[in-house]
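In our numbering, the protein residues as written are 775 to 975. Below is one structure, written out as structure tokens; comments come after it.
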């Protein structure tokens, strides 16, 4: 599984903690494609990182995106504007496990400033352990698994009906916004290397 970590400007100082918390998890490759605490890249707001999440997922470059912002709300709202993105706000390990089992989404948003205090690094580690502990979409409680799976499929249909196709979205939004995210070299290299679906940016 390829995971794209996409930090924005207000949470860039937490980037190292996110990466450290993901270390050692089996069967995942982590790509740090947003802002880092050491980088001197142009600023990325949650508007940029939501678009980056959508490009990462819709191109097939990433199987899962780990993003967030100060509260987690901005990134969540931004990412959910795009087709094919199913994002959850995760603040504790139980959220992560339930999101994995019931919703089986492809994107999580973390609150990386609000409430990010003592032992927050441990909380992040436990969040990722629980997010990837079991195969996604098994359901909880188990007797609800069939209904939850049917709901996920209906949500995918609603998502497709409620959005333009991704290329049309890219054609319709501010081209300076798109150009800006591709000035961020780690992101551009990631999409160029792993994107399976070609879009005209």
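Cβ coordinates follow ideal geometry from the N, Cα and C atoms, glycine included.
DSSP-derived helix/strand/coil call for residue 942: The sequence position of residue 942 within the chain shown is 168, counting from 1. In this structure, residue 942 counts as helix in the three-state DSSP scheme.
Distance CB(residue 824)-CB(residue 852) smaller than 7 angstroms: By one-based count along the chain shown, residue 824 stands at place 50. By one-based count along the chain shown, residue 852 stands at place 78. Contact flag set, yes.
Cβ pair count under 8 angstroms reaching 3, the segment 891-911 against the segment 808-816: no
Sub-7 angstroms separation of residue 881 and residue 859 beta-carbons: For the purposes of this step, residue 881 is taken as residue 107 along the chain shown, with counting starting at 1. For the purposes of this step, residue 859 is taken as residue 85 along the chain shown, with counting starting at 1. The answer is yes: Cβ separation under 7 angstroms.
Cα-Cα separation, residue 787 to residue 777: As a first step, residue 787 must be located in the chain shown, where it is residue number 13. As a first step, residue 777 must be located in the chain shown, where it is residue number 3. Looking at the two C-alpha atoms, the distance is approximately 19 angstroms.
Beta carbon of residue 833 nearer than 7 angstroms to that of residue 923: Your numbering for residue 833 matches position 59 in the chain shown. Your numbering for residue 923 matches position 149 in the chain shown. The answer is no: Cβ separation not under 7 angstroms.
Assigned exposure category for residue 921 - 16 Cβ within 10 Å defines buried: On the chain shown, position 147 is the one that residue 921 refers to. That one is exposed.
Rounded C-alpha distance that separates residue 944 from residue 975: Residue mapping note: residue 944 aligns to position 170 of the chain shown, counting from 1. Residue mapping note: residue 975 aligns to position 201 of the chain shown, counting from 1. The straight-line gap from Cα to Cα measures roughly 7 angstroms.
Extent of the continuous alpha helix (DSSP H) to which residue 852 belongs: Numbered from its first residue, the chain shown carries residue 852 at position 78. 847-853 is the span of the alpha helix (DSSP H), which, as asked, contains residue 852.
In DSSP terms, what residue 864 is bridged to: Here residue 864 corresponds to residue number 90 of the chain shown, with the count starting at 1. Beta-bridge pairing links residue 864 to 884.
6 angstroms CB neighbourhood of residue 971 in its chain, flanking five on each side removed: By 1-based counting over the chain shown, the position of residue 971 is 197. These residues qualify, in order along the chain: 833, 834.
Alpha-carbon spacing of residue 962 relative to residue 799, whole angstroms: Locating residue 962 in the chain shown gives position 188, where the first residue counts as 1. Locating residue 799 in the chain shown gives position 25, where the first residue counts as 1. Using only the alpha carbons, I get a separation of about 25 angstroms.
Cross-strand partners of residue 777 (DSSP beta bridge): The residue labelled residue 777 in the question sits at position 3 within the chain shown. Its beta-bridge partners are 804, 838.
Straight-line Cα distance separating residue 862 from residue 870: Taking the first residue of the chain shown as 1, we reach residue 870 at position 96. Taking the first residue of the chain shown as 1, we reach residue 862 at position 88. Distance between the alpha carbons of residue 870 and residue 862 is about 9 angstroms.
Contacts around residue 957, its chain only, beta-carbon distance under 7 angstroms, and the 5 residues preceding and following it disregarded: As a first step, residue 957 must be located in the chain shown, where it is residue number 183. Same-chain partners within the cutoff: 816.
Inter-residue CB distance, residue 827 and residue 780 (contact presumed, cutoff 8 angstroms): Locating residue 827 in the chain shown gives position 53, counting from the first residue. Locating residue 780 in the chain shown gives position 6, counting from the first residue. Confirmed, Cβ separation roughly 6 angstroms.
CB contact flag (residue 883, residue 846, <7 angstroms): As a position in the chain shown, residue 883 is number 109, starting the count at 1. As a position in the chain shown, residue 846 is number 72, starting the count at 1. Their beta carbons are under 7 angstroms apart, which means residue 883 touches residue 846 by this criterion.
Burial state of residue 896 (16 or more Cβ within 10 Å): One-based indexing of the chain shown puts residue 896 at position 122. That one is exposed.
Same chain, Cβ closer than 6 angstroms to residue 899, five either side skipped, listed in chain order: Position 125 of the chain shown, counted from the start, is the residue given in the question as residue 899. Correct list, in chain order: 795.
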